[in-house]
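**Student:**
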Ligand code: 5GP
């Protein structure tokens, strides 16, 4: 067989990418920039029991459901992971995520740190990226500029940062958001590198007959 990697029938599965970081760090803007520039990357639309904020669209920003419906989805096992954040339920629908990955699309999940840890359990090969602000003052200033939270909600979100940082050890990459462009390109580069990871690509190339069956490991004594 003389097949090539650009044969249309050879699909390299997409990379599941978790992006977490403190509220107000700019994850939303970075992700929007990334998917606008790179059509092969898609974003998982989470389900939430939180009511929509002005301007948010159902099935675009979130799938908005009531708490009872959310709990039914947990029971049915249709969520890959879920967590309670600021008193509301948030979760990642499993079916569209798996469909996109199988079709070779990289999928970004913008989820909290508890969700990141659950994804790692279900998908040991997932790529976990944590976005950091250039400074603490910068984070507070961004939250204020965004103006979507009340003073009390803002205080809660800032207080939570130290707890979120204790989850850093579960993450593979850190991206500091000095500029949206730079952070988006760094994430794109990370995804490209993950696609080339031997553990990801080798099984696909073997299955397609591009690589021969595994020869004996010459470094091991027989
Ligand atoms: P917000 O209400 O500001 O849109 O989101 C609040 C928090 O919920 C953010 O930290 C966001 O990353 C997290 N979040 C959004 N969707 C999901 C999800 O599907 N699963 C988990 N675990 N967290 C999520």
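Residue numbers (the working numbering): 1120 to 1341.
Note that the Cβ used here is the ideal one computed from N, Cα and C, for glycine as well.
1. Of all the CB atoms in chain D, is at least one closer than 7 Å to the CB of residue 1213?
2. If you drop the 5 nearest sequence neighbours on each side, which residues of the same chain put their C-beta closer than 6 Å to that of residue 1233?
3. Compute the beta-carbon to beta-carbon distance between residue 1174 and residue 1276, rounded to the nearest angstrom, for a pair I have assumed lies under 8 Å.
4. Among residues of its own chain, excluding the 5 on either side of residue 1262, which ones have a beta-carbon nearer than 6 Å to its beta-carbon?
5. Given a cut-off of 7 Å on the beta-carbon distance, is the pair residue 1141 and residue 1283 in contact?
6. Per DSSP, what kind of secondary structure is residue 1127 in: helix, strand or coil?
7. Within this structure, are the beta carbons of residue 1165 and residue 1219 separated by less than 7 Å?
8. According to DSSP, residue 1209 sits in a beta bridge with which residue or residues?
9. Can you tell me the Cβ-Cβ gap for residue 1323 and residue 1225, rounded? I've got them flagged as a contact below 8 Å.
**Tutor:** For this structure:
1. Of the protein chains in this structure there is only one, and it is not chain D.
2. For this step, residue 1233 is matched to residue 114 along the chain shown. For residue 1233, where only same-chain residues beyond five positions count, the Cβ hits under 6 Å are 1202.
3. The residue labelled residue 1174 in the question sits at position 55 within the chain shown. The residue labelled residue 1276 in the question sits at position 157 within the chain shown. Residue 1174 to residue 1276, Cβ: 19 Å. No contact.
4. Position 143 of the chain shown, counted from the first residue, corresponds to residue 1262. The residues are 1143, 1273.
5. Reading the chain shown from its first residue, position 22 is the one you call residue 1141. Reading the chain shown from its first residue, position 164 is the one you call residue 1283. Yes. Within cutoff.
6. Here residue 1127 is taken as the residue at index 8 of the chain shown, counted from 1. It is coil, neither helix nor strand.
7. Indexing the chain shown from 1 puts residue 1165 at position 46. Indexing the chain shown from 1 puts residue 1219 at position 100. A distance of 7 Å or more separates the beta carbons of residue 1165 and residue 1219.
8. Numbered from its first residue, the chain shown carries residue 1209 at position 90. Bridge partners of residue 1209: 1167, 1202.
9. Here residue 1323 refers to the residue found at position 204 of the chain shown. Here residue 1225 refers to the residue found at position 106 of the chain shown. The C-beta distance from residue 1323 to residue 1225 rounds to 15 Å, too long to fall under 8 Å, and the pair is not in contact.
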